[in-house]
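Visitor: Taken in order, these protein sequences are the chains called R and L. Letter 44 of the first sequence, counting from 1, is numbered 44 in this note's numbering, and no numbers are missing. Letter 36 of the second sequence, counting from 1, is numbered 1036 in this note's numbering, and no numbers are missing. Glycine included, each C-beta is placed from N, C-alpha and C at the ideal position.
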Amino acid sequence: MYLRFHSTSQTRSSGGRRASLGAALFFAALLAGCNHGPGQGGMPAQQPDHFGVVESALTPGVGKSLVSEDPRAAQYYDNADAVTAGKRLFAQYNCNGCHSSGGGGMGPDLMDGGWIYGSRLTQIHQTLVEGRPNGMPAWGGKIPDQELWQLATYVRSLSLPATVAAEADDTPGQTPAVVPRAADEDAGWTPPASTTNDYGTTIEGSAYDGGGTASTPTDHPAKSTGASKSQGPT
Amino acid sequence: MRTPLHLVFVSTALCAAVAAAQTVPAPVPESEIFSPEQIGHALAAPTPQAGHTAPSAANAPADDGQWTMPSKNYAQTRYSELTEITPQNVATLTAQFTFSLGVVKGEEAAPIVADNTMYIVTAYPNFVYALDLTKPGAPMKWRFAPNPAPASQGIACCDVVNRGGSVDHGKYIFNTLDGQTIALDVKTGKPVWRTQLGNIAVGETITMAPLVADGKVYVGNSGGEMGVRGWFVALDENTGKLIWKAYGTGPDKDVLIGPEFKPHYPSDQGKDLGVSSWPPQAWMIGGGNMWGWANYDAELHTIYHGTGNPGPWNQEQRPGDNKWTTGIFARDPSTGAARWYYQYSPHDEHDYDGINEQLLLDMPFDGKMQKVLIHIDRNGYIYVIERNTGTVLSADPFGPVNSIQGIDLQTGRPNMNPAKLTRVGQTVTNICPTASGAKDWNPSSFSPRTGLLYIGHENMCMDWEDVQVSYIAGTPYVGALVHMKPGPGGNRGEMTAWDPVGRKPVWQAKENFPIWSSSVVTASDLLFYGTMDGWFKAVNARTGELLWRFKVDSGIISQPVSYRGPDGHQYIAVLSGVGGWSGAVVSGPVDPRDGSAALGMVAAMSDLPKYTTAGGTLYVFALPQH
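1. Which same chain residues, not among the five before or five after G86(R), have their C-beta less than 6 Å away from its C-beta?
2. Examine chain L for any beta-carbon lying closer than 8 Å to the beta-carbon of T171(R), and answer yes or no.
3. For Q46(R), which three-state DSSP category applies?
4. Helix or strand or just coil, what does DSSP make of C98(R)?
5. To the nearest angstrom, how far is the alpha carbon of A1338(L) from that of W1441(L)?
6. Could you say which of I1557(L), R1492(L), K1323(L) and N1295(L) lies nearest to G1270(L) if we only look at CA atoms?
7. With a threshold of 7 Å, establish whether the CB of L1373(L) neighbours any heavy atom of the ligand SAH.
8. Taking 7 Å as the limit between beta carbons, can you name the residues of its chain near V1520(L), skipping five residues before and five after?
9. State the beta-bridge partners of S1447(L) as determined by DSSP.
10. What residues from chain R crowd round I1155(L), counting only those whose CB sits closer than 9 Å?
11. Do you know how far the Cα of Q1038(L) is from the Cα of R1387(L)?
12. Could you give the distance in angstroms between the alpha-carbon of A1054(L) and the alpha-carbon of Q1315(L)?
13. Quick check on K1253(L): does DSSP put it in helix, strand or coil?
14. For the putative contact between A1114(L) and T1068(L), defined by C-beta atoms under 8 Å, what is the C-beta separation to the nearest angstrom?
15. Check each candidate in G1354(L), D1353(L), G1390(L) and K1241(L) and name the one with the smallest Cα separation from Q1370(L).
16. Which two residues bound the contiguous alpha helix (DSSP H) that contains M1416(L)?
17. Under three-state DSSP, which class holds Y1563(L)?
18. Can you pull the chain L residues whose beta carbon is under 9 Å from the beta carbon of Y93(R), in chain order?
19. Only counting the same chain, and skipping five residues up and downstream in sequence, which positions put a Cβ closer than 7 Å to that of G1580(L)?
20. Just to confirm the assignment: which complete beta strand (DSSP E) runs, minimum length 3, are found wholly within the stretch 1474-1559 of chain L?
21. Name the chain R residues whose beta carbon is nearer than 8 Å to that of G1287(L)?
22. What's the gap between the Cα of A1282(L) and the Cα of S1345(L)?
23. Check whether the stretch 1473-1492 of chain L and the stretch 1449-1465 of chain L are in contact - that is, three or more C-beta pairs closer than 8 Å.
24. Cutting at 6 Å between CB atoms, please list the residues of its own chain near D1353(L), excluding the five before and the five after it.
25. Just to confirm, are T1047(L) and P1364(L) a CB contact at a threshold of 8 Å?
26. Which value, in whole angstroms, describes the spacing of the CA atoms of G105(R) and V1586(L)?
27. If we cut at 8 Å on Cβ distances, does G140(R) have a partner in chain L?
28. What would DSSP say about M1601(L), mapped onto helix, strand or coil?
29. Cβ of G103(R) less than 8 Å from any chain L Cβ?
30. Given a cut-off of 8 Å, decide if R1229(L) and T1205(L) are closer than it, judged by their beta-carbon atoms.
31. Quick check on the burial criterion: 16 or more other C-beta atoms within 10 angstroms. Buried or exposed for Q1410(L)?
32. Counting only the same chain and skipping the five closest in sequence on each side, list residues whose C-beta sits under 7 Å from that of T1151(L).
33. Any beta carbon from chain R within less than 8 Å of L1599(L)'s own beta carbon?
34. According to DSSP, L1131(L) sits in a beta bridge with which residue or residues?
35. Give every residue of the same chain whose Cβ lies closer than 6 Å to the Cβ of D1252(L), excluding the five residues on either side of it in the sequence, and list them in chain order.
36. At least one CB of chain R closer than 8 Å to the CB of A1151(L): is that the case?
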């Protein structure tokens, strides 16, 4: 199935607001789980997206990485343009649909420093190219390889302390820090910070007693009558 | 190990950021909300003297002490006639046995009881357990593992939940997250048939509980956040073979609209509205999924089922009414042919799926008894609809609303509040109810003794900004930045006892978190429900007074049931296991620092990890004599 909108704009049936539909990218046939080959819909043909086997860095007790490095990664370190481009692509390719602004949803949290398939740029790029079993599509050959590297750079930035510290409100990742080369020099595992699967910090519990106060409203469902009395356990 | 100084600074800043993000936003002020007097409408004044509200015997047969389908009966009243547990003795209610489900995702199912065996289906990976109730401790008879495709986890919008199965004619019938419907032999736990209905490659999953009735199994798909075109099918109960399939969008022939179709309102009349009410081809990726509750009406021999939200959430990309999303169909069970349709939220701008439950009741209205269905919608309104014609008799808000200023009962259309419509490039604040609705999927119960509906629901609002989104098959097709917040008063949940005849609440109990569990009401006027912070409660169904409660291992978002055990005594069973859309911040891979995470739910629920952890356990309670 290959869909394309024919009109470039439509008038909204009520209210008259205009919606640009032509801008929508349609490449259904190219994507997750489809059997069609690459190269349709104006997308680039097969990219050189794979650079040999990259081993996992998840080696407990080993300070230095055993990972073979993809030399193409080098140019994306200390590269502000790559992070900025990656941020734009993150929305364009619906990454935010699953990973929200980095906090996750359908897909995993990308800002907690916890990585199943490795945190290094090379490894994140490989995850984007190959996909992962629990729902992450394989994008190799479907997104230009340079864009995959830019995406990987932005994703790598999301959990950097500098990016997290720059968060002004509850929409993270808006001012992503460049990824310093030093960030990937030590591939040893560190506990993820401040998540619900929290190993590093303490979450304060709550003394809330379960509530459950009944009231008999006289007017509006939303209005408290003020007559609520606390119902303790019996 | 010594910590380098610069790391101390970084982690201090990080902790400050975390603390800030985990603060639940301030409640929306009361002044933002309409009062029911302003916006509640009915075609006639209440006439309670005209009769007693109750389901018909055909739709709610006498209670045999079993609980064979999630909603108890076709009328879906969740009413138990058992009376051993009473308001006087409920304080002594005691846990009799528990059973770990082996899964720590959101558990939304009802334990099913038939022939002294209990059947439970879990969240992904959708284990099915059969427990022998005749033996001490209810040991496992068998376990079935359907092994759904792991990738289905990554396309489930709102946790990997399952809303249960049913026992009928020696089979336990349920759905899997990766789109299968499976019938197991209750004796052996072996599949009698399994039918692959969904395609995860385009983002289709199945989370709903199949409706088993009239020799058929009725199933719909999920995926309204993935650009999945909705459908609803009937399978042969004996073979699993497809009998008919009705789409939620597209040409009349796909929607099974033909000569029998007689919608009551003019805006639902016309040819191929499922195409013409969309931009070219947008209906092909337009949602209208059916992942909630369908009814079989044994009296009128009709199926009723809702349809979900249109996709994407960004309304500017789909001008038009977007038929046949966010509405309800009445269909011929044998052929699927549509009889009538009504659209709750034409051109939905707020993710108000129309898939919540219907209760089939005979109710006095306008001086005579009428056959109605009562639907409690995400959009905050409770609709009383005449079942033969699809005419809305009354529509009243049951929670705080401001996005809809009442339903026009002449046209059937909602009066949208222009200040709360959504648009690209602007964040519209304090929209009530929130995207998950004044109530989400969790069904209400009804007692013919009290004449009240028991609606466990939310009190939440939201800020919403539309953003342009591209359709990429198998990925989310949403296009909205949402941040949720508590509604007026700050209590995010509420149990409302609603008088459908008088069109008003009789009592309400506030809860800190949204109520995401259903309830069961008994003939001794006890109402049981669970909370997201892990309390299982019994309250007086006439007053809401709390009579008993028990703290379970994890929050409750499931469907409690009441049954008679092999020993003749009454039991109450419920699953714990927080999760679902509202609980994803605990059970999912979600970061409380990102308020937009889990489709904006995290903003309002970031404190849930302080109250509960992930779990998943069956609890069964009874009076202590055994």
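Guide: Walking through what the data contain:
1. To locate residue 86(R), count along the first sequence from 1; it is residue 86. So the qualifying residues of the chain are Q150, L151, T153 and Y154.
2. As a first step, residue 171(R) must be located in the first sequence, where it is residue number 171. Closer than 8 Å: yes.
3. Taking the first sequence and counting its residues from 1, the one referred to as residue 46(R) is at position 46. Residue placement at Q46(R) cannot be trusted, given a pLDDT of 43 that sits under 50; the coordinates are not used to answer.
4. Start at 1 with the first residue of the first sequence, and residue 98(R) comes out as number 98. DSSP places C98(R) in helix when its eight states are reduced to three.
5. Residue 1338(L) sits at position 338 when you count from the first residue of the second sequence. Residue 1441(L) sits at position 441 when you count from the first residue of the second sequence. If I take the Cα positions, the gap works out to 23 Å.
6. Indexing the second sequence from 1 puts residue 1270(L) at position 270. It is K1323(L) whose Cα lies nearest to the Cα of G1270(L).
7. Among the components modelled here there is no ligand, and therefore nothing to report on the ligand SAH.
8. For the purposes of this step, residue 1520(L) is taken as the residue at position 520 of the second sequence. The answer, listed in chain order, is R1078, S1080, S1445, F1528, P1560, V1561 and S1562.
9. As a position in the second sequence, residue 1447(L) is number 447, starting the count at 1. Looking at the DSSP assignment, S1447(L) forms a beta bridge with L1452(L).
10. Position 155 of the second sequence, counted from the first residue, corresponds to residue 1155(L). Neighbours of I1155(L) on chain R, chain order: A32, C98, M106 and G135.
11. Residue mapping note: residue 1387(L) aligns to position 387 of the second sequence, counting from 1. Residue mapping note: residue 1038(L) aligns to position 38 of the second sequence, counting from 1. C-alpha separation (whole angstroms): 27 Å.
12. Translated into the one-based positions of the second sequence, residue 1054(L) becomes position 54. Translated into the one-based positions of the second sequence, residue 1315(L) becomes position 315. Near 40 Å, if we compare the C-alpha coordinates of Q1315(L) and A1054(L).
13. By 1-based counting over the second sequence, the position of residue 1253(L) is 253. Note: K1253(L) maps to helix in three-state DSSP.
14. The residue you call residue 1114(L) lines up with position 114 of the second sequence. The residue you call residue 1068(L) lines up with position 68 of the second sequence. Contact flag correct, Cβ pair sits at about 5 Å.
15. Within the second sequence, residue 1370(L) is the residue found at index 370, counting from 1. Minimum Cα distance to Q1370(L) is reached at G1390(L).
16. Along the second sequence, one-based indexing puts residue 1416(L) at 416. No alpha helix (DSSP H) contains M1416(L), which is instead part of the beta strand (DSSP E) from P1414 to M1416.
17. Numbered from its first residue, the second sequence carries residue 1563(L) at position 563. Three-state result, Y1563(L): strand.
18. For this step, residue 93(R) is matched to residue 93 along the first sequence. Ordered by position in chain L, the residues that pass the 9 Å Cβ test against Y93(R) are S1470, I1472 and T1475.
19. For the purposes of this step, residue 1580(L) is taken as the residue at position 580 of the second sequence. Only G1106, E1108, C1158, D1159, V1161, W1516 and I1557 meet the Cβ criterion.
20. 1480-1486, 1493-1499, 1504-1511, 1519-1522, 1526-1530, 1535-1540 and 1546-1551
21. What you label residue 1287(L) is simply residue 287 of the second sequence in a count that begins at 1. Here the premise fails: no neighbours, minimum Cβ distance about 14 Å.
22. The residue you call residue 1282(L) lines up with position 282 of the second sequence. The residue you call residue 1345(L) lines up with position 345 of the second sequence. If I take the Cα positions, the gap works out to 18 Å.
23. Pairwise C-beta distances place the stretch 1473-1492 of chain L in contact with the stretch 1449-1465 of chain L, as three or more of them are shorter than 8 Å.
24. Position 353 of the second sequence, counted from the start, is the residue given in the question as residue 1353(L). Contacts found: G1308, N1309 and R1378.
25. As a working note, residue 1047(L) is residue 47 in the second sequence. As a working note, residue 1364(L) is residue 364 in the second sequence. The answer is yes: Cβ separation under 8 Å.
26. Position 105 of the first sequence holds residue 105(R). Position 586 of the second sequence holds residue 1586(L). Their Cα atoms are separated by approximately 11 Å.
27. Taking the first residue of the first sequence as position 1, residue 140(R) is located at position 140. It does not: the Cβ of G140(R) has no partner Cβ on chain L nearer than 8 Å.
28. Locating residue 1601(L) in the second sequence gives position 601, where the first residue counts as 1. Here M1601(L) carries a coil assignment [DSSP, helix/strand/coil].
29. Residue 103(R) sits at position 103 when you count from the first residue of the first sequence. At least one chain L Cβ lies under 8 Å of G103(R).
30. On the second sequence, residue 1205(L) is found 205 positions in, with the first residue counted as 1. On the second sequence, residue 1229(L) is found 229 positions in, with the first residue counted as 1. No.
31. Working through the second sequence from its first residue, we reach residue 1410(L) at position 410. Within 10 angstroms of the beta-carbon of Q1410(L) lie fewer than 16 other beta-carbons, which makes it exposed.
32. If you number the second sequence from 1, residue 1151(L) lands on position 151. The amino acid occupying residue 1151(L) in the given sequence is Ala; Thr does not appear at that position. If we look at A1151(L) and ignore the five residues flanking it on each side, its Cβ neighbours are I1200.
33. For the purposes of this step, residue 1599(L) is taken as residue 599 along the second sequence, with counting starting at 1. It does: the Cβ of L1599(L) has a partner Cβ on chain R nearer than 8 Å.
34. In the second sequence, the residue the question calls residue 1131(L) occupies position 131. Answer by DSSP bridge pairing, in chain order: M1118(L) and M1140(L).
35. Here residue 1252(L) refers to the residue found at position 252 of the second sequence. Contacts found: D1272.
36. Within the second sequence, numbered from 1, the residue matching residue 1151(L) stands at position 151. Yes, A1151(L) counts as interfacial toward chain R.
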